[in-house]
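Written out below as structure tokens is the structure these notes cover.
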Amino acid sequence: MKNLILCGFMGCGKSTIGRRLSKMTEMPFVDLDRYIEEKAGLTVKEIFEKYGENKFRELETEACRELSEKSGYIIAAGGGTLTFQKNIDILKETGRIIYINVSYEMLCERLKRDTRRPLLQVENRNEVIKELLKKRAPIYEGAASIHIDGNFTSNRVAEIILGVL
Ligand code: S3P
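Now the structure itself:
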């Protein structure tokens, strides 16, 4: 059975929706960032601070490889995971990619108090979100075979995904 890979921008709800879907389907859920953190014994923020983003990206690809060996899992990718073609290739081998598309305005609102995500600890947060989203939205769209409007509650989005599957 194929894995379901949830992708989309930071704050689009991948993890919450993934957990919800897992309850609804009884498919096991794993969050890629939490998986990396458990293996490293450090938070994502600490990995960025101590070793830099490139090291985090290496660990992320390693995690994609390991998780792609599973079957029938719901996997929440990180917002940057699919910006590397090798990660798309790895995850696609055993999974269907679902893009959760959330508007710029809603992402800014959801992320405005974030302290956890290293890329957003900047003064011009909304500008950074705008620029990254412009670059990444076409990548998510191209990688995913299922596109979902994510501008609803996580419960509703999980129901929509189930309806589409
Ligand atoms: C990142 C997104 C984060 C996490 C890291 C980098 C990104 O995951 O992997 O902070 O490049 O967009 P979430 O999308 O789960 O916040």
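Residue 82 in the numbering used here is what sits at position 82 of the sequence shown, and the numbering runs on without skipping anything.
We put the beta carbon where it would ideally sit given N, CA and C, even for glycine.
| Asked | Found |
| --- | --- |
| Separation of T43 from T145, as counted between CA atoms | The sequence as given places Ser at residue 145; Thr does not occur at that position. Answer to the nearest angstrom: the Cα atoms are 31 Å apart. |
| Contained alpha helix (DSSP H) runs [length at least 4] in the region 15 to 99, N- to C-terminal order | 32 to 40, 44 to 51, 53 to 67 and 85 to 94 |
| Three-state secondary structure assigned by DSSP to C12 | coil |
| N151 (DSSP reduced to helix, strand or coil) | coil |
| When T61, G95 and D33 are compared against N87, the one with the closest alpha-carbon | T61 |
| Straight-line gap, M24 to N54 (C-alpha atoms, nearest Å) | 36 Å |
| Own chain residues within Cβ distance below 6 Å of R19, not counting five before or after | F29 |
| Integer Cβ distance of R136 from T81, believed to fall under 8 Å | Their Cβ separation, rounded to whole angstroms, is 10 Å, which puts R136 and T81 out of contact at 8 Å. |
| Buried or exposed by the 16-neighbour rule on C-beta atoms within 10 Å, applied to K14 | buried |
| Nearest neighbour of R65, chosen from L6, T94 and I47 [CA to CA] | T94 |
| Helix, strand or coil at L165 according to DSSP, with G and I counted as helix | coil |
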